[in-house]
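Quick note, the sequences are listed as chains A and B, same order. Under our numbering, think of the first position of the first sequence as 53, with each following residue one higher. Under our numbering, think of the first position of the second sequence as 3, with each following residue one higher.
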Amino acid sequence: KAGVTQTPRYLIKTRGQQVTLSCSPISGHRSVSWYQQTPGQGLQFLFEYFSETQRNKGNFPGRFSGRQFSNSRSEMNVSTLELGDSALYLCASKVETGRSNEQFFGPGTRLTVL
Amino acid sequence: AQTVTQSQPEMSVQEAETVTLSCTYDTSENNYYLFWYKQPPSRQMILVIRQEAYKQQNATENRFSVNFQKAAKSFSLKISDSQLGDTAMYFCAFITGNQFYFGTGTSLTVIP
């Protein structure tokens, strides 16, 4: 079974631009979560989607948004990029049935804002 | 508020020795799962070990074991017979409801 995939793997943008990141979960996983990872801050939760609905949201400004499609693929959008948005963005998926709550992570998208 | 604290930003251990990574958390929930994730340099995050909060018995996975103290809200990870491949960032996390909460990580270096 294929793992969680994220595209693109690397991005370089300039301040003020916008960016869209994509995540394809493991087949059968309906929950997709997004995290921002920066040195010293660990993983900061952005939001979680389940069945095309945002189920949970972290404490990030409205410039960060996301959506999920009927095939469970998810996109994350950041508008009006700031230097502080430079980070590794991780996507994780999990299955909702059964007792396991394990999240499976993708390789991440490294975003650099210049 | 739900929080996870990893008080050791960096640690090192000699190959074949044992090391313990500490983690404390805070939640008012009674049902939750605890996890340790490993993120090797430039590689994907993977699950190391999982503990269900209602189970008193500490989880073990080969060389990895946890010391789960529910009353103290402590969840430390012990790595025995450390190997060079254990060099990574380690994140402690728990899930309650549908949301995960992560610590800031401990960078572990195994010295040959």
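Where a beta carbon is used, it is the ideal one built from N, C-alpha and C, also for glycine.
Hey, how far is the Cα of A:A144 from the Cα of A:T57? 9 Å
For A:L166, name the three-state secondary structure that DSSP assigns. Coil.
Residue of B:G105, B:Y39, B:D88 minimising C-alpha distance to B:T20: B:D88
Residue range of the beta strand (DSSP E) that includes B:S82: Taken as a continuous stretch (DSSP letters only), B:S82 belongs to no beta strand (DSSP E), as it is neither H nor E.
Buried or exposed: which applies to A:E148, given that a residue is buried once 16 or more other Cβ atoms fall within 10 Å of its Cβ? exposed
Reducing DSSP to helix, strand and coil, say where A:G118 ends up. strand
How would you list, in chain order, the residues of chain A whose beta-carbon sits under 7 Å from the beta-carbon of B:G107? Chain A residues near B:G107: G94.
Just reading off the beta strand (DSSP E) that A:F123 is part of, what are its end residues? Residue identity check: residue 123 of chain A is Asn in the sequence provided, not Phe. Careful: A:N123 lies outside any beta strand (DSSP E) and carries neither H nor E.
Helix, strand or coil for A:L135 per DSSP? Helix, per DSSP.
Which class does A:G94 belong to by DSSP, given the choice of helix, strand or coil? strand
Quick check: is the beta carbon of B:M47 nearer than 8 Å to any beta carbon in chain A? yes
Looking at the structure shown, is B:M91 part of a helix, part of a strand, or coil, going by DSSP? strand
May I ask you to report which of helix, strand or coil DSSP gives A:F102? strand
Tell me the DSSP secondary structure of A:A144 in three-state form. strand
Which residue marks the beginning of the beta strand (DSSP E) containing B:E12, and which one marks its end? In the DSSP assignment, B:E12 falls within the beta strand (DSSP E) that extends over 12–16.
Residue burial classification, B:Y56 (beta-carbon count within 10 angstroms, cutoff 16): By the Cβ neighbour-count rule, B:Y56 is exposed, with fewer than 16 other Cβ atoms within 10 Å of its own.
Starting from B:E54 and walking both ways along the beta strand (DSSP E), at which residues does that stretch end? That run of the beta strand (DSSP E) goes 48–54.
State whether the stretch 124–137 of chain A contacts the stretch 67–79 of chain A, with contact taken as three or more CB pairs (one from each stretch) at a distance under 8 Å. yes
Restricting to Cα atoms, I'd like to know which of B:R45, B:F37, B:Q85 is closest to B:N69. B:F37
Along the chain, where does the beta strand (DSSP E) containing A:I78 start, and where does it finish? Per DSSP, A:I78 lies in no beta strand (DSSP E) and is assigned neither H nor E.
Nonlocal neighbours in the same chain, by C-beta distance under 6 Å from B:Q190, ignoring five residues either side: The structure shown does not extend to residue 190 of chain B, since chain B spans only 3 to 114, so no value can be given for it.
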